[in-house]
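Under this note's numbering, the very last position in the sequence shown is 86; numbers go up by exactly one each time. Where is the CB? At the ideal position from N, CA and C, for every residue including glycine. Written out below as structure tokens is the structure these notes cover.
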Amino acid sequence: HESNVRRYCRAFPAVFTKAVGATIWDETGKPFIDFLVGSGALNYGHNNPDIMAPAIEYLVGENILLSLDMHTAAKRDFIEGFVDWILK
């Protein structure tokens, strides 16, 4: 029961199991260049170490992961950083 928006994936000749940067590997170990790179969600490539390290640190630090619209320090810090770095 997958999404009907899966036309491109039907053309792939493989099932993928591993990804680093812009490379993905299939079950046999054959590498492919991932021209989709997460379809926009992972524009820094797969498993980028500069992103993984702080993400793992946050996860193992018992921080809040899901809070919907609740106020959290992480949400505040993200919004402040986004405003300072992107919007100003």
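Check the Cα spacing between F30 and each of F10, W83, I54, I62: the tightest is with F10. In the DSSP assignment, no residue is bridged to D32.
CA-to-CA, the gap between T15 and E25 works out to about 6 Å. In the three-state scheme derived from DSSP, where H, G and I count as helix and E and B as strand, I62 is classed as coil. About 6 Å separates the beta carbons of H44 and G19, which is inside the 8 Å limit, making them a contact pair. By the criterion of a C-beta distance shorter than 7 Å, Y42 is surrounded in its chain by I49, once the five residues flanking it on both sides are discounted. Between the alpha carbons of G79 and I22 lies a distance of about 31 Å.
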